[in-house]
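Sequential numbering of the sequence shown, starting at 0, is according to numbering that gives the first Met the number 0.
Using N, Cα and C, we set each Cβ at its ideal position, and we do this for glycine too.
No experiment lies behind these values; they were computed from the predicted model shown.
Everything on this sheet refers to the single structure shown next.
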Amino acid sequence: MGLAGECGKSLADGKGSKTASIGSMAYSETGDEPMMRLPSPSWGLTGLAAAVLLSAGCAKQSGQDNAANDAGAPTATMENIDDPDALGSAAERVGRLPTDDWVGRWNGPEGLFLDIQPSSDGEPGHYAITNKDNLDRQNDYSGIAEGSTIRFVRDGKDLAIRPGSGDETGFKYLAGKQDCLIVVPGQEGYCR
């Protein structure tokens, strides 16, 4: 019995028929039924080592053949998402609230300010508000978007922050400005 031809394609048994064999199993050229073949005593350990190397080479070659066959096939695209909340954030951008544009610091006269930040709970439309509404007090409040306003409670009063102009604030310092937020019309407002 001799080894000839490409790996896994043919081994000549000396009678003109072609079979593929690895170890003690052989397969006919038609590939129908496995044929049992006993190892030749002349192979010994050298033959066994050759069979193992031959089978390892076949596995490598078949992997290369598969890669060549797959080269023309369309490839599927996979996206690796590092942040599991990234999918939700795309939806949030689409459903963005008008009050989300108000995040940041808004200034009033004499060092007064209104600072709006997203709430630490991460809920859409929930805000953390820091407000210095007079010279003697600065406090933190929780705000919730309601339509085109942010509602919060200060000193037991329900207040709504809404967009407006500097003229609506009641402060000469802010008169003429257009990008403003009004808390109490004519009495309290902040602009950028």
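Measure from the alpha carbon of residue i to the alpha carbon of each residue in the options, then state which is nearest.
i      : options                           : result
LEU134 : CYS190, LYS176, LEU158 and PRO108 : PRO108
THR98  : GLY110, ARG161 and ARG104         : ARG161
GLY163 : ASP154, ALA144 and PRO184         : PRO184
GLY94  : CYS190, LEU113, GLU122 and ASN106 : GLU122
TYR157 : TYR140, THR129 and ASP178         : It should be noted that the sequence gives Asp, not Tyr, for residue 157. Nearest C-alpha to ASP157: TYR140.
LEU96  : GLY110, SER118 and ALA144         : ALA144
LEU113 : ASN130, GLY124 and ARG136         : ASN130
ILE128 : GLY142, VAL152, THR168 and GLY169 : GLY142
GLU167 : CYS190, HIS125 and VAL152         : CYS190
ARG136 : GLN116, ILE115, GLY124 and ARG153 : ARG153
Here's the rule I'm using: 16 or more other beta-carbon atoms within 10 Å means buried, otherwise exposed. How should residue i be labelled?
i      : result
GLY165 : buried
ASP100 : exposed
GLY155 : exposed
ASP132 : buried
VAL182 : buried
GLY103 : exposed
GLY188 : buried
ASN138 : exposed
TRP105 : buried
CYS179 : buried
GLN177 : exposed
GLY110 : exposed
Pull the bridge partners of residue i from the DSSP assignment, please.
i      : result
GLY163 : CYS179
THR148 : GLU145
PHE170 : PHE170 pairs with nothing; no bridge assigned.
GLN116 : ALA127
ARG136 : ASN133
GLU187 : VAL183
TRP105 : LEU113
ASP100 : DSSP output for ASP100 lists no bridge partner at all.
ARG153 : LYS156
Taking only beta-carbon positions, decide if residue i is within less than 8 angstroms of chain B.
i      : result
ASN130 : Of the protein chains in the structure, only one exists, and it is not chain B.
Inset, instruction - Flag this pair as touching only if the region 166-179 and the region 138-149 have three or more C-beta atom pairs under 8 angstroms; answer yes or no. - result: No contact exists between the region 166-179 and the region 138-149.
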